[in-house]
Amino acid sequence: MFRFLKRKKKIQQNAAAPRLPEQEQATDEVAIDDEEIKISLVDMAPRDTQYPLRGPKKRFSENIVYNLQLLRERFSDSNLTFEQFLIGSRTRNRVVIAYLKDVAHPGIVSEVKERLRSIRTEAVIDTSYLERDIENSNISPFPQIENTTRPDVVMSALLQGRVAIISDGNPEILLAPTTLFDLMDTPEDANSRWFIAATFFRVARYIMFILAASLPAFYIAVTTFNPEFIPAGITFIIARARGAAPFPVYLETFIMMGVVEAVRMMLIRIPTPIGGNIALFSGLALVIAGLLSNVVTPIVLMVVTLAIICSFGIPNYDLRSTLRIIQFFTMIMATALGIFGFAVAFFYLSVHLASLKSFGIPYMTPLAPLEASAWGHTIARKGSEKMPQDETYKPRTAEQED
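As numbered in full-length UniProt numbering, residues 1 to 402 make up the sequence shown, in order.
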């Protein structure tokens with residue numbers, strides 16, 4: 001168990017310099033299994049790579065003691081509870097769960113502890129190893145556990161009744177349970193002064209998610225199999241643009257989506273200072289060459305570009321990766337069966353989302369099952385936020401599900 005001792009101030013003075021006001025550096029003493037460890041909260045702070053628009057600037061680090069102290073700083077509440085686990089037969093990694101015992105549902109806390117105890121592995125190299133072992137479905141492409149490096153996000157999650165999972169050597173904190181709407185939320189929504197603006201941006205993200213997932217597949221379906229769905233004026237524009245196109249619509253769309261994915265991978269692998277410029281110029285060169293040689297039509301370029309732009313509106317990286325899989329899945333279905341395949345693909349995704357759960361919590365809560373009282377914290381934002389979030393993070397009984 002972890003026990004935090006009283007903070008001390010370490011005075012540092014430069015003897016050679018003129019006497020100036022004393023410079024203070026905060027240090028903390030933390031007792032872990034009755035062994036005292038001194039750490040500097042300033043030296044441990046990681047560099048901020050994602051500057052927030054509003055809110056705290058501190059981030060979690062790879063030191064678990066620093067991370068726990070950072071949480072304790074924000075909660076002067078005796079209900080904040082830490083419980084430690086040792087996972088990995090070779091590495092014996094320290095994994096700590098944090099929760100508010102008067103807010104978190106005991107059933108969820110027990111489920112998290114049971115799944116952590118059941119892990120059988122040699123080492124925990126990254127929090128993704130824990131995530132794969134404790135999530136409900138490894139087959140599902142949708143992330144069922146949220147991860148973050150922001151203390152304010154973890155603080156909000158704890159107040160909602162969720163459980164934070166902290167692993168030594170990893171700055172990313174896992175949050176369970178998680179719903180689809182948690183992954184679409186951003187801290188800036190809660191920090192926004194005007195609730196109407198926060199609601200507008202939330203709704204805009206949901207629209208962007210739908211457009212990014214459906215636009216390329218819908219274009220393939222209506223232009224290849226069901227042109228009667230397109231107004232006559234737009235049909236004439238598409239026909240004129242495709243006058244000398246050497247490839248069918250579906251192949252052209254797949255080529256452009258593949259080029260975008262190649263540029264994205266190049267941007268990740270090339271060092272940061274020059275990676276952005278190389279990716280930008282490479283993408284522009286390919287697009288211009290494709291348009292001039294009539295290999296790519298402007299309509300397909302617009303559809304693919306709009307879908308890619310909308311995908312960047314999704315705040316969670318894992319959900320963006322899932323979105324790319326959905327794009328190719330729906331495009332394959334639309335290529336094979338037209339508008340019918342497009343409808344079948346999204347019907348299958350809807351059924352899968354409705355049946356998915358995260359630690360006993362329906363993944364689509366509060367939309368399925370329908371809980372209108374929680375919409376003020378998920379789809380919209382009320383004038384004044386209230387924690388915890390209604391009944392969202394409480395396991396449902398069989399009678400309630402019926």
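Positions of the beta carbon are idealized from the N, C-alpha and C atoms, including for glycine.
In this model, Asp318 and Leu183 are separated by some 9 Å (Cα to Cα). In the structure shown, Gln84 falls within a strand segment according to DSSP collapsed to helix, strand and coil. Distance from Met333 to Val344 at the Cβ level is roughly 6 Å; contact confirmed, criterion being Cβ atoms closer than 8 Å. DSSP places Val103 outside both helix and strand once states are collapsed to three, so it counts as coil. Counting C-beta atoms within 10 angstroms of its own C-beta, Ser214 has 16 or more neighbours from the protein chains shown and is therefore classed as buried. Three or more Cβ pairs closer than 8 Å define a contact, and the stretch 55 to 63 meets that threshold against the stretch 160 to 179.
Of the other Cβ atoms in all chains shown, 16 or more fall within 10 Å of the Cβ of Pro366; this residue is therefore buried. By the Cβ-count criterion, Asp77 is exposed, with fewer than 16 other Cβ atoms from all chains shown falling within 10 Å of its own Cβ.
Taking one beta carbon from each stretch, the stretch 107 to 124 and the stretch 140 to 156 have fewer than 3 pairs nearer than 8 Å; the two do not touch. Under the three-state reduction of DSSP output, Lys58 falls in the coil class, being neither helix nor strand. In summary, Tyr348 is exposed, with fewer than 16 beta-carbon neighbours lying within 10 Å of its beta-carbon over all protein chains present. Excluding sequence positions up to five before and after Arg242, its CB lies within less than 8 Å of the CB of Val249, Thr297, Ile299, all in the same chain and listed in chain order.
Residue pairing of Val203 in beta bridges, as defined by DSSP: absent, with no partner found. Per DSSP, reduced to three states, the secondary structure at Arg242 is coil, with no helix or strand assignment. Excluding its 5 nearest sequence neighbours in each direction, Ala157 has C-beta neighbours in its own chain below 7 Å: Ala164, Leu175, listed in chain order. Counting C-beta pairs closer than 8 Å gives three or more between the stretch 351 to 370 and the stretch 129 to 148, which meets the contact rule.
Measuring C-alpha to C-alpha distances from Arg264 to each of Ile145, Gly283, Ile274, Tyr129 identifies Gly283 as the nearest.
Buried is the label assigned to Arg162, since at least 16 other Cβ atoms lie within 10 Å of its Cβ. A straight-line Cα-Cα distance of about 13 Å links Arg324 and Pro143. Segment contact: the stretch 193 to 201 against the stretch 125 to 133, fewer than three CB-CB distances shorter than 8 Å; contact not assigned. By the Cβ neighbour-count rule, Ile238 is buried, with 16 or more other Cβ atoms within 10 Å of its own. Residue pairing by DSSP leaves Ile339 without any beta bridge partner. By alpha-carbon distance to Glu73, the top candidate from Asp185, Arg115, Val154 is Val154. Setting aside the 5 residues that flank it on each side, Leu267 is surrounded in the same chain by Gly275, Gly276, Ala279, each with a C-beta closer than 7 Å to its C-beta; the list follows chain order.
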